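Colleague: Mapping of the sequence shown onto numbering that gives the first Met the number 0: position 58 corresponds to residue 57, and the numbering continues sequentially without gaps. We treat Cβ as the ideally placed atom computed from N, Cα and C, and that holds for glycine. Bear in mind the structure is a predicted one, so any value in this text is a computation, not a measurement. So that we are looking at the same thing, I have put the structure below in structure tokens.
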Amino acid sequence: MRDYPILAQTCPLKMGIEQDLLVRSSLSRRKILMALRYHMRSKAYLLAIAQGGPRYDLDGRPAGEITPEQQQQARETLEQREAEFQKRRMIQRGNTRLVPSPLRGAIQADR
């Protein structure tokens, strides 16, 4: 994967990039999918998807656009992660009585 600098960035990757990697890389399909899954689930990558814009191929050339649906899914995933983080944080602080926050999906302590 070091042969493809685009993978070191948080640029949105083109749909089907795993096929390009299978053709151009000596790594197994399993390793490629594991690496892509790790990369594409990162907060930085999801933020890039949520912003929209072009997707890029292995050579850094534009290769498609992020759809509004993909942007929304990324936003929802980020919101869900933040809500889960806030819930864990409150529990760790010893406040086990949690109530829904006015912010969509967030959790706050009952005061």
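Roughly how far, in whole angstroms, is the beta-carbon of residue 19 from the beta-carbon of residue 56, given that I think they are within contact range, below 8 Å?
Modeller: Here residue 19 refers to the residue found at position 20 when the sequence shown is read from its first residue. Here residue 56 refers to the residue found at position 57 when the sequence shown is read from its first residue. Going by Cβ atoms, the distance from residue 19 to residue 56 rounds to 7 Å, so yes, they are a contact pair.
Colleague: Let me make sure I understand the geometry here. Which of 64, 50, 54 has the alpha-carbon closest to that of residue 77?
Modeller: Translated into positions along the sequence shown, residue 77 becomes position 78. Out of 64, 50, 54, 50 has the C-alpha closest to the C-alpha of residue 77.
Colleague: Per DSSP, what kind of secondary structure is residue 12 in: helix, strand or coil?
Modeller: The residue labelled residue 12 in the question sits at position 13 within the sequence shown. Looking at residue 12 - three-state DSSP - the assignment turns out to be strand.
Colleague: Locate the beta strand (DSSP E) running through residue 62, then write down its first and last residues.
Modeller: Start at 1 with the first residue of the sequence shown, and residue 62 comes out as number 63. From DSSP, the beta strand (DSSP E) with residue 62 extends over 61 to 64.
Colleague: With DSSP as the reference, label residue 92 as helix, strand or coil.
Modeller: Within the sequence shown, residue 92 is the residue found at index 93, counting from 1. In the displayed model, residue 92 falls within coil according to three-state DSSP, outside both helix and strand.
Colleague: Would you kindly work out how many angstroms separate the C-alpha atoms of residue 27 and residue 17, rounded to a whole number?
Modeller: Your numbering for residue 27 matches position 28 in the sequence shown. Your numbering for residue 17 matches position 18 in the sequence shown. Answer to the nearest angstrom: the Cα atoms are 11 Å apart.
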